[in-house]
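Scroll down for the structure; my scribbles are underneath it.
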Amino acid sequence: AQSVAQPEDQVNVAEGNPLTVKCTYSVSGNPYLFWYVQYPNRGLQFLLKYITGDNLVKGSYGFEAEFNKSQTSFHLKKPSALVSDSALYFCAVRDGGTYKYIFGTGTRLKVLA
Amino acid sequence: DVKVTQSSRYLVKRTGEKVFLECVQDMDHENMFWYRQDPGLGLRLIYFSYDVKMKEKGDIPEGYSVSREKKERFSLILESASTNQTSMYLCASSAGTAQETQYFGPGTRLLVL
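As you go down the protein sequences, you meet chains A and B in turn.
What the first sequence shows, in the numbering used here, is residues 1 to 113, in sequence order.
What the second sequence shows, in the numbering used here, is residues 1001 to 1113, in sequence order.
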């Protein structure tokens, strides 16, 4: 069965420091992996995705994510955090054989000034 | 610019009422989805539709039904609202292939009293 785990409910980081939000997944076929961000009282906004090819994927707002097949991970990263990056982040996986996306439980990122 | 709209941002209903949540997308997407979002549980799929008049149950379909009479519109129906259906409801759409991004509406926060 497909699954996604975001092991941290909350991540705190100082402004200007690098940030990492962790995600691990389990799928039976080739994974399609996504990161979304949600600001308060808003829907989810797409950040980036991995389909195939280069393991380092670059996305919106300076975010990037690294696909690691051996560790079944897709961690979200940013070299220098901004206070405005504070939000709820969701990792999602889709198995190519189904229409369904499976979402993690979300990680709240708090960037401290 | 892609757009998914939901009929209401906030709704307050009484137990036992029939509730309609409507979602419209303007991207000619084949797939549409309804999720509910609860703290600590992430997004859980209620129903999805991969074509007009086609629907499939997600992970938590009990107490809900859906309707897709036109490609751009996907409705979620709570036949008899209950207090445990108080939640944030998110609609999303995507194009037909597995690697496609989902686009989300702003969400409807439903309170059932």
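Note that beta-carbon positions come from the ideal geometry of N, C-alpha and C, so glycine has one too.
| Query | Result |
| --- | --- |
| Of all Cβ atoms in chain B, is any one closer than 8 Å to the Cβ of L44/A? | yes |
| Give a yes or no on contact between the region 3-13 of chain A and the region 49-63 of chain A, applying the rule of three or more CB pairs nearer than 8 Å. | no |
| Check whether the Cβ atoms of L1110/B and V1019/B sit closer than 8 Å, and answer yes or no. | yes |
| Considering just the uninterrupted stretch of the beta strand (DSSP E) at T1108/B, what are its terminal residues? | T1108 to V1112 |
| Compute the Euclidean distance between the alpha carbons of V1071/B and E8/A, then round it to the nearest angstrom. | Checking the sequence shown, residue 1071/B turns out to be Lys, not Val. Approximately 38 Å between the Cα atoms of the pair. |
| What's the call for N1031/B, buried or exposed, on a 16-neighbour Cβ count within 10 Å? | buried |
| How long is the line joining the alpha carbons of L1090/B and F46/A, rounded to whole angstroms? | 14 Å |
| For F1048/B, collect the residues of the same chain with a Cβ closer than 8 Å to its Cβ; drop the 5 residues on either side in sequence, then sort them by chain order. | N1031, M1032, F1033, W1034, K1055, E1056 and G1058 |
| Just tell me which of T24/A, N12/A and L109/A has its CA closest to the CA of S70/A. | T24/A |
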